[in-house]
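In the numbering used here, the protein residues as written are 240 to 329.
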């Protein structure tokens with residue numbers, strides 16, 4: 240399984256990376272192929288961090304959401320691994 244980052248609104252509409260829609264409450268889903276430090280960013284600032292292979296986040300306001308994943312590296316700390324394209328909720 241590869242990397243997935245998508246959004247499902249309460250009304251059931253689905254958005255993937257690079258897509259834009261009028262804001263409706265919903266949930267962002269993140270899936271990674273290996274364990275790492277997952278960072279969810281909103282409008283360029285870190286909103287939440289998790290460790291593992293997946294996460295979800297309930298979205299309650301508009302913004303530009305994207306994900307960064309850092310892979311653990313024993314000697315120098317987490318290494319940049321995955322940088323998603325954004326999902327635009329206007």
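Virtual Cβ for every residue (Gly too), placed ideally from N, Cα, C.
Query                                                                                                                : Result
May I ask you to report which of helix, strand or coil DSSP gives residue 292?                                       : strand
Whole-angstrom Cβ separation of residue 312 and residue 272, contact assumed at under 8 Å?                           : In fact, because the Cβ distance is near 17 Å, the residues do not count as touching under 8 Å.
Residue 274 by DSSP, collapsed to three states: which one?                                                           : strand
With C-beta atoms as the reference, is residue 246 less than 8 Å away from residue 321?                              : no
Quick check on the DSSP output: the beta strand (DSSP E) that includes residue 302 runs from which residue to which? : 302-310
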